[in-house]
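Colleague: Numbering (the working numbering), first residue to last: 5 to 162.
Where is the CB? At the ideal position from N, CA and C, for every residue including glycine.
Sharing a structure below in structure tokens format, with a few things to ask.
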Amino acid sequence: MSKDEEEAWLAYILFSRQLAAGMERQLAGSGVSGADYQMLAPLAEAGDTGMRPRDLGYSAGWDRSRLAHQLGRMEKRGLVTRRPAVDDGRGTVVHLTEAGRDALRAASPGHIAWVRENFLSLMTPEDRRVLVALSERVMAKLEPGSHARLPVGTPGPV
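Below you can see the structure in the form of structure tokens.
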């Protein structure tokens, strides 16, 4: 790697680790983990229809095993339920429970404020556009043919 390539790579690694650790600390104060929040936000957006596990896993960029373990933990805590799919007796649909909605409502204001203060406020609108474009290019490279796009419309940063 050239010096500027190494500098860019290390800067990304360090800031992404610090950002993730800071988010986990912030969310822990509201009783949810970052992984919980990554599941709760898209489920809230899906509403009463819920989400297929594969779609939920895709929204978080997770493999099936990680998703199954996370959903199992959340189900035991009463945050989500898994029910048979109406249109397909073999499949399941994940639904947010009232406790899950309450947890998201409690966590979201502080989480969104933290993301704004520690990340978004440090960027110009152009910086944000560049970050989104770069992120989508990297995702498309790592997952060819997936039509990788960042999820939009979720209730707050994930």
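Could you please give the first and the last residue of the uninterrupted alpha helix (DSSP H) stretch that includes V119?
Modeller: Counting along the chain, the alpha helix (DSSP H) containing V119 begins and ends at E102 to N122.
Colleague: In angstroms with no decimal places, state the Cα-to-Cα distance between M5 and A89.
Modeller: Each residue's Cα considered, the two are about 49 Å apart.
Colleague: Can you check DSSP and say which residues form a bridge with M55?
Modeller: Per DSSP, V98.
Colleague: So, S20 versus E28, is the Cβ gap smaller than 8 Å?
Modeller: Contact: no.
Colleague: Should P46 and T96 be called a contact, given that it needs their Cβ atoms to be closer than 8 Å?
Modeller: Cβ distance not < 8 Å, so P46 and T96 don't count as in contact.
Colleague: If we count Cβ pairs, one from each stretch, closer than 8 Å, do we get three or more for the segment 97–116 versus the segment 77–89?
Modeller: The segment 97–116 is in contact with the segment 77–89.
Colleague: Closest to Q30 by C-alpha separation, out of L18, N122, L71 and P148, would be which residue?
Modeller: Taking only the C-alpha atoms, the option nearest Q30 is N122.
Colleague: Quick check on the DSSP output: the beta strand (DSSP E) that includes V84 runs from which residue to which?
Modeller: Where V84 is concerned, the enclosing beta strand (DSSP E) stretches over V84 to P88.
Colleague: Do the CB positions of S34 and A103 come within less than 8 Å of each other?
Modeller: In this structure, A103 does not lie closer than 8 Å to S34 by Cβ.
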